[in-house]
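See structure below.
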Amino acid sequence: MHKISRPVNRDDSKNKSSGSAVYISDVIKPGMLAMAVKSADFQHGKINTIKKPELPEGYFYVDGKSFTGMNRASIVAQDWPFFAESEVLYFGQPVCAYTGPRIEVCEKLCIQTKIEYTPLPAVSVIEDAADFFNDYTIIKGNPDKSFKEAAQIFENQYRTGMQEQAYMEPQGMIAEFNEGKLTVYGSMQCPYYIKNSLKNAFNLDDDNVRVIQSITGGAFGGKEDYPSILAGQAAAAAIVSGKPVKIVLDRRNDMSVTPKRHPSLIKIRTAVDSEGNITAMDIDCRIDAGAYESLSGVVLERAIFISTGAYNIADVKVRGRTMKTNHIPSGAFRGFGGPQALFAADMNMYYLARKLNAAPLELKRRYLFQRGDISVTSGIFRDDIKLEEMISRVEEISDYSSKWAEYEKTSQAGDKMKGIGISFAAHGGAFTGNGEQEIIKSLVRLEWEPDKQTSAGGRLRILVSNVEMGQGASITLRKIVAEESGLPLEAIIFTNPDTDIVPDSGPTVASRTIMIVGKLIQDAAAMLKQKIEDDINSPSSVEKSYVHPPEFDWDEETFTGDAYPAYSWAVNVIEVEIDPITFEIKITGSWAVYDVGTPIDIKILEGQMQGGTAQSLGYSSIEKMQMINGKPAQVSFTDYTIPTTLDFPDTECVFIDNPYRYGPFGAKAAGELPNEGPAAAFTAAISQASGRMITEIPVTPEMLEEQLR
Amino acid sequence: MNKLIKISFLLDGRMFSVETKSDRRLLDILREDAGITGVREGCGEGECGACSIFFNGRLANSCCIPAIAAEGAEIDTIDGFSKTEEYSIISQAFADAGAVQCGFCTPGFIMASAALLRENPRPTDNEIKIGLSGNLCRCTGYTMIIEAVRLASGRMARNV
Amino acid sequence: MSDKLFSAGTLLPATIEEASSLIMQGFFPVGGGTDIMVRNHAMKKTGGRVKSPLFSCRRIEETTGIHTNGNILSIGSSCTLSSIIESSLCPAILAESLLSIASPGIRNIATLAGNICNASPAADSLPVLYILDAMIETAGSSGRRSIPVKEFITAPGTTSLKDDEIVVSVSFDSSICHDDAFRWYFRKVGTRAANALSKLSIAACTLVDNGIYSNFRLAVGACAPAVVRLSEAEDEINGKALDKGSELAERVIPVYTKALNPIDDQRSTSDYRRNTALKLIANLLSEGF
Ligand SMILES: Cc1cc2nc3c(=O)[nH]c(=O)nc-3n(C[C@H](O)[C@H](O)[C@H](O)COP(=O)(O)OP(=O)(O)OC[C@H]3O[C@@H](n4cnc5c(N)ncnc54)[C@H](O)[C@@H]3O)c2cc1C
Ligand code: FES
Ligand code: FES
Chain A
1 MHKISRPVNR
11 DDSKNKSSGS
21 AVYISDVIKP
31 GMLAMAVKSA
41 DFQHGKINTI
51 KKPELPEGYF
61 YVDGKSFTGM
71 NRASIVAQDW
81 PFFAESEVLY
91 FGQPVCAYTG
101 PRIEVCEKLC
111 IQTKIEYTPL
121 PAVSVIEDAA
131 DFFNDYTIIK
141 GNPDKSFKEA
151 AQIFENQYRT
161 GMQEQAYMEP
171 QGMIAEFNEG
181 KLTVYGSMQC
191 PYYIKNSLKN
201 AFNLDDDNVR
211 VIQSITGGAF
221 GGKEDYPSIL
231 AGQAAAAAIV
241 SGKPVKIVLD
251 RRNDMSVTPK
261 RHPSLIKIRT
271 AVDSEGNITA
281 MDIDCRIDAG
291 AYESLSGVVL
301 ERAIFISTGA
311 YNIADVKVRG
321 RTMKTNHIPS
331 GAFRGFGGPQ
341 ALFAADMNMY
351 YLARKLNAAP
361 LELKRRYLFQ
371 RGDISVTSGI
381 FRDDIKLEEM
391 ISRVEEISDY
401 SSKWAEYEKT
411 SQAGDKMKGI
421 GISFAAHGGA
431 FTGNGEQEII
441 KSLVRLEWEP
451 DKQTSAGGRL
461 RILVSNVEMG
471 QGASITLRKI
481 VAEESGLPLE
491 AIIFTNPDTD
501 IVPDSGPTVA
511 SRTIMIVGKL
521 IQDAAAMLKQ
531 KIEDDINSPS
541 SVEKSYVHPP
551 EFDWDEETFT
561 GDAYPAYSWA
571 VNVIEVEIDP
581 ITFEIKITGS
591 WAVYDVGTPI
601 DIKILEGQMQ
611 GGTAQSLGYS
621 SIEKMQMING
631 KPAQVSFTDY
641 TIPTTLDFPD
651 TECVFIDNPY
661 RYGPFGAKAA
671 GELPNEGPAA
681 AFTAAISQAS
691 GRMITEIPVT
701 PEMLEEQLR
Chain B
1 MNKLIKISFL
11 LDGRMFSVET
21 KSDRRLLDIL
31 REDAGITGVR
41 EGCGEGECGA
51 CSIFFNGRLA
61 NSCCIPAIAA
71 EGAEIDTIDG
81 FSKTEEYSII
91 SQAFADAGAV
101 QCGFCTPGFI
111 MASAALLREN
121 PRPTDNEIKI
131 GLSGNLCRCT
141 GYTMIIEAVR
151 LASGRMARNV
Chain C
1 MSDKLFSAGT
11 LLPATIEEAS
21 SLIMQGFFPV
31 GGGTDIMVRN
41 HAMKKTGGRV
51 KSPLFSCRRI
61 EETTGIHTNG
71 NILSIGSSCT
81 LSSIIESSLC
91 PAILAESLLS
101 IASPGIRNIA
111 TLAGNICNAS
121 PAADSLPVLY
131 ILDAMIETAG
141 SSGRRSIPVK
151 EFITAPGTTS
161 LKDDEIVVSV
171 SFDSSICHDD
181 AFRWYFRKVG
191 TRAANALSKL
201 SIAACTLVDN
211 GIYSNFRLAV
221 GACAPAVVRL
231 SEAEDEINGK
241 ALDKGSELAE
251 RVIPVYTKAL
261 NPIDDQRSTS
271 DYRRNTALKL
281 IANLLSEGF
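Chains as they are written, first to last, in UniProt numbering: chain A, 1 to 709; chain B, 1 to 160; chain C, 1 to 289.
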């Protein structure tokens with residue numbers, strides 16, 4: 001283990017524990033107004049009239065016309081309006097808002113606002129959707145030929161549900177407009193996304209928009225996109241009223257209007273030759289984008305780029321589409337298209353194993369990617385892939401194979417419903433394709449502030465736009481700089497980003513913070529160390545911007561080349577027991593082996609893995625979000641049940657060592673990896689236990705009862 | 001009809017009075033009138049435990065308690081509790097176990113852990129899980145929170 | 001605003017008369033508030049009817065404490081679920097059902113009366129109260145009433161409580177629970193492992209003498225607009241041998257099948273509720289208690 005992996009205690013735990021940490025809902029500004037948004041109670045229709053109540057003194061009305069620039073948030077695609085214009089495209093779409101001194105009055109004004117619609121046909125399921133925002137096809141090798149020559153062709157279909165991020169702190173934002181300058185504070189992942197959105201929304205120049213992150217109570221992707229909408233709404237209200245405006249969503253509202261994980265429907269045809277070898281796959285991947293494109297195109301890219309999972313299939317055709325439905329626009333959620341694609345890919349291997357009468361692990365391991373193999377996008381896996389070593393480790397801790405053999409007998413005998421499943425996951429670190437060099441162009445700055453009072457002789461400030469949202473960036477980034485500069489951790493300062501102070505090092509997404517930004521600050525720290533050594537008593541600073549390693553090639557037009565510079569890997573084993581009467585599912589064991597390069601902090605990483613695995617197991621089982629006529633049916637923590645202490649066992653985690661040459665101290669992407677694999681391991685376990693081929697998550701007792709009745 | 005009432009209760013050891021409606025949430029009184037924002041609102045429906053307090057010495061969800069129920073009660077929040085020795089042990093255990101990520105759930109978990117350890121100083125793992133079953137954490141998957149309670153329990157036993 | 005200061009004491013009446021008078025003035029009684037407060041919070045956001053203002057009965061002596069009078073156990077309406085669970089007087093079957101409700105923090109404030117008055121088909125105390133033939137003791141300006149729980153609950157969300165009445169206590173003959181021949185069963189199938197609402201629940205108890213059922217009672221929760229308890233099925237079972245369970249199941253399952261009429265909702269499906277409840281009943285009978 002590298003010495004940087006040794007855990008240190010988080011210093012933010014003090015304020016967070018005592019309750020003195022200040023989240024956006026705790027902030028009060030002088031003269032601050034409250035705000036409530038009127039959401040459409042209609043799925044799809046043309047707005048005929050909006051009947052507004054009379055405004056009490058001190059209250060203001062805001063809608064799409066309140067934007068002096070464009071009434072569209074800039075979230076990859078610039079199509080999602082802050083407020084609906086002539087048409088409502090999904091249930092819960094913001095139509096207008098009220099701001100004023102008392103939240104109860106604003107809420108009442110929303111209730112009194114009556115909107116009349118002319119109904120338009122609504123699309124509620126992927127299968128019924130005819131329109132799409134993106135339609136991509138990738139071909140690797142010669143799939144047509146392989147299908148023509150196939151001895152057998154298998155076809156199956158996999159479905160994944162919607163998932164709510166369920167960060168514990170609901171979304172919130174405060175906006176102020178003073179002397180031509182707009183400032184917003186809030187819970188967020190991507191300060192510069194918001195800044196950009198606001199510049200475009202109000203035609204403001206760079207100097208006149210400032211975004212400051214407040215302590216963020218969890219995000220998981222859910223605070224990547226919607227904070228831009230919320231910031232725009234609050235900013236419009238602040239500009240109209242001339243007062244600071246705060247909007248904090250209550251839980252039901254948050255769950256009713258914010259984006260969720262894309263549901264998916266993935267069909268896979270598999271060609272098998274006369275010797276029983278898998279020769280080709282034809283994959284049709286559709287994800288439910290909802291009513292606006294927003295960032296769905298990028299989610300789709302991640303899904304199709306990893307559409308054969310951790311398996312090397314010689315000839316592949318993948319078609320991916322982001323289907324347009326009348327749902328809340330789907331958004332970012334830890335994994336970002338990966339969990340859907342990996343579920344389908346891994347379950348398809350399970351399905352093929354059953355069809356070909358092979359043990360699932362034996363079939364799967366024959367196709368696992370190895371160094372030098374070619375990815376779906378015809379990129380090259382340049383680094384060592386240690387999946388075989390990881391299999392041995394997971395066998396050691398879980399006893400997978402012997403349990404599998406035992407349950408194979410018992411489940412066939414039909415007495416006890418026990419099962420165990422294994423899955424393999426790959427996660428490409430950082431932005432997809434050429435995103436890092438063409439779109440993000442990350443820039444970081446380190447500053448040295450001499451201070452003779454301190455034992456280190458000063459402070460080293462990390463200036464990046466990446467946020468601490470619970471994942472530990474405020475420690476891991478500092479550890480990297482401390483290790484590289486030789487300064488003590490206490491001398492390294494990281495504060496919540498303020499776009500007036502920090503450069504744009506990119507959003508806090510795609511597990512890029514350590515791998516990309518961490519590497520940049522490591523390099524910058526090495527340079528600054530030199531300057532400090534030369535003259536410790538003068539302030540100095542270093543800036544560093546991202547340069548893509550030259551050997552990685554990418555063609556954005558054809559999606560060919562290295563979609564990601566490096567991959568992280570996971571092997572998950574999940575063991576389950578099904579109650580033979582009620583079909584309630586009990587997860588009795590969870591084991592995982594990860595390759596994330598060098599762990600920057602083993603404890604923080606273990607926290608990421610435990611938390612992510614629980615989210616993924618929730619996704620697979622108890623977290624069900626149904627859209628009924630376009631309206632989410634589970635919009636409270638009562639009905640949308642996320643895991644409690646009693647639902648899942650701990651995951652026994654092992655990290656193997658496989659340093660990545662371009663990562664800081666060898667670190668690769670980690671944050672999203674635990675969300676990638678567990679669903680397929682779980683569903684394979686359920687399939688074994690129930691003796692049925694399960695192809696859909698979440699797996700509920702209701703679904704099992706229907707199948708096994 | 002919706003008259004204000006004057007209610008008084010012992011808040012973190014001191015008498016606190018407020019004029020409010022009978023059905024106002026204790027959570028709002030604590031956050032807005034008493035300024036104790038460490039009592040957090042995660043759901044407002046009794047599901048997440050972020051608003052946990054001690055109500056007459058026992059764990060309770062302050063978002064479900066109407067003002068009228070607080071009259072004459074003894075209410076302790078994270079604000080007062082964080083000044084106790086018990087808190088230092090528990091919060092240190094949380095830090096050492098790595099149980100704090102985004103921290104939004106943490107004050108609630110600390111209150112629930114304290115309530116559990118008061119009633120059952122040496123809980124088994126399952127008893128810890130039951131004791132904390134009314135508190136949701138989306139970040140940690142609970143492993144390290146449960147470890148923190150184990151640690152705190154051991155350290156408290158050594159302290160006495 | 002016409003808001004005038006009111007003394008808190010007025011909203012903490014010490015007598016039934018004062019409580020009745022408050023109800024007549026438009027005040028709503030509140031127990032722990034876990035139901036009202038959550039409902040009100042949602043209603044305020046949607047413009048629905050809010051139960052406000054509130055008063056609490058907790059200073060009315062008769063609503064406090066758990067007492068026995070001969071064989072009758074009486075639980076005051078202001079008792080919290082935790083205090084009931086922790087009471088040595090509380091039969092294990094009731095404690096088990098109350099422990100399945102919500103979480104420790106909620107159980108420390110919620111009351112049994114609140115769970116009953118809630119009158120939710122999924123209220124977890126109800127199946128057990130049905131099989132214990134619990135009586136709801138009410139009082140108001142027109143006097144006192146003692147109402148069997150199955151008559152007290154009239155429809156989902158509604159009770160036969162009169163306009164000016166409060167629930168004073170819940171009582172039942174607990175002697176059966178102390179019989180050596182007493183056996184009981186409670187099973188809640190919830191939406192997750194803890195802090196979950198019921199998809200369905202089953203409560204049953206019986207005396208078993210020399211392998212023969214007597215006093216068999218069984219209730220199903222969340223599978224119809226009200227808790228289902230069927231004397232027709234119970235009569236069929238009483239007097240029969242425990243080890244004839246599978247035959248018994250065959251005979252009574254059709255009876256239960258006819259009576260169960262669950263709904264599809266955001267927590268489960270009608271089919272799952274019905275089929276699972278029936279299987280649990282069949283299994284209970286064939287395995288014996
Ligand atoms: C997070 C959470 C989880 C829950 N989980 C469950 C669960 O698992 N199972 C379950 O069954 N329920 C559950 N509930 C529902 C509810 O909280 C419980 O039913 C609880 O027992 C209600 O009691 P209370 O005293 O808090 O009710 P209150 O809210 O105080 O009152 C409920 C109703 O009863 C009336 N009332 C109360 N006392 C009297 C009285 N003395 N006379 C006349 N009317 C009266 C009130 O006017 C009101 O209409 C849950 C609630 C929450 C918030
Ligand atoms: S805010 Fe009270 S339980 Fe969630
Ligand atoms: S630490 Fe984030 S919810 Fe618990």
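Ideal Cβ positions, reconstructed from N, Cα and C, are used throughout, including at glycine.
| Check | Outcome |
| --- | --- |
| Are the Cβ atoms of Ala345 (chain A) and Gly309 (chain A) separated by less than 8 Å? | yes |
| Across the region 181 to 188 of chain A and the region 114 to 129 of chain A, are there enough close Cβ pairs to call them in contact, namely three or more that are closer than 8 Å? | no |
| With DSSP run on the structure shown, which of helix, strand or coil describes Thr10 (chain C)? | helix |
| Tell me the DSSP secondary structure of Ala332 (chain A) in three-state form. | coil |
| In whole angstroms, what is the alpha-carbon distance linking Arg31 (chain B) and Ile247 (chain A)? | 16 Å |
| Under 8 Å, Cβ to Cβ, is there at least one residue of chain C near Asn126 (chain B)? | no |
| Under three-state DSSP, which class holds Asp3 (chain C)? | Below a pLDDT of 50, predicted positions are generally treated as unreliable, and Asp3 (chain C), at 48, falls in that range; the measurement from the model is reported next regardless. Here Asp3 (chain C) sits in coil by DSSP. |
| Give me the residue from A:Gly691, A:Gly419 and A:Ile391 with the minimum Cα distance to Val571 (chain A). | A:Ile391 |
| Hey, out of A:Lys668, A:Ser511, A:Ile686 and A:Ala289, whose CA is closest to Ile587 (chain A)'s CA? | A:Ile686 |
| Between the C-alpha atoms of Ala226 (chain C) and Thr159 (chain C), what's the straight-line distance to the nearest angstrom? | 11 Å |
| Any heavy atom of ligand 2 closer than 7 Å to the CB of Ala50 (chain B)? | yes |
| Do you know offhand how far Met70 (chain A)'s Cα is from Lys519 (chain A)'s? | 36 Å |
| What does the Cβ neighbour count give for Thr454 (chain A), buried or exposed, with the cut at 16 atoms within 10 Å? | exposed |
| If we count the other Cβ atoms within 10 Å of its Cβ and call it buried at 16 or more, is Ala222 (chain C) buried or exposed? | buried |
| According to the neighbour-count rule (16 or more other Cβ atoms, all chains shown, within 10 Å of its Cβ), is Leu55 (chain A) buried or exposed? | exposed |
| Taking 7 Å as the limit between beta carbons, can you name the residues of its chain near Asp553 (chain A), skipping five residues before and five after? | Gly561 and Asp562 |
| Determine, for Ser268 (chain C), whether the minimum Cβ-Cβ distance to residues of chain A falls below 8 Å. | yes |
| Here's the rule I'm using: 16 or more other beta-carbon atoms within 10 Å means buried, otherwise exposed. How should Ala151 (chain A) be labelled? | exposed |
| Within the continuous beta strand (DSSP E) that includes Lys418 (chain A), where are the two ends? | Met417 to Gly428 |
| For Asp3 (chain C) and Pro580 (chain A), what's the separation of their Cα atoms in angstroms? | Unreliable positioning characterises Asp3 (chain C) in this predicted model, as indicated by a pLDDT of 48, which lies under 50. A coordinate reading is not provided. |
| To which residues does DSSP link Ser201 (chain C) through a beta bridge? | C:Lys188 and C:Gly221 |
| Are Lys441 (chain A) and Ser541 (chain A) close, meaning C-beta to C-beta below 8 Å? | no |
| Answer yes or no: do Phe424 (chain A) and Leu368 (chain A) have a C-beta to C-beta separation smaller than 8 Å? | yes |
| Assuming contact is defined by CB atoms lying nearer than 8 Å, are Ala114 (chain B) and Phe9 (chain B) in contact in what I supplied? | no |
| Starting from Ala93 (chain B), find everything on chain A with Cβ-Cβ shorter than 9 Å and list it in chain order. | Near Ala93 (chain B) there are no residues of chain A at all, since even the closest Cβ is about 10 Å away, more than 9 Å. |
| Taking only beta carbons into account, state which residues of the region 52 to 63 of chain C come closer than 7 Å to chain B, listed in chain order. | Ser52, Pro53, Leu54, Phe55 and Ser56 |
| Using a C-beta to C-beta distance shorter than 8 Å, which residues of chain A count as neighbours of Leu280 (chain C)? | Ile581 and Thr582 |
| Who are Val265 (chain A)'s beta bridge partners in DSSP? | The identity of residue 265 (chain A) in the sequence shown is Leu, whereas the question assumes Val. According to DSSP, which records beta bridges pairwise, Leu265 (chain A) is partnered with A:Arg159 and A:Arg286. |
| Relative to ligand 1, is the shortest distance from any of its heavy atoms to the C-beta of Lys44 (chain C) smaller than 7 Å? | no |
| Residues bridged to Phe67 (chain A) by DSSP? | Answer is none; Phe67 (chain A) lacks a bridge partner. |
| Compare the C-alpha of Gly26 (chain C) against each of B:Glu127, B:Ser17, B:Cys51 and B:Lys3 and name the closest. | B:Lys3 |
| In chain order, what residues of the region 250 to 281 of chain A put their CB closer than 8 Å to some CB of chain C? | Asp250, Arg252 and Asn253 |
| Roughly how many angstroms lie between the CA atoms of Val576 (chain A) and Ala680 (chain A), to the nearest whole one? | 13 Å |
| Is Pro127 (chain C) close to chain B? Criterion is C-beta to C-beta, closer than 8 Å. | no |
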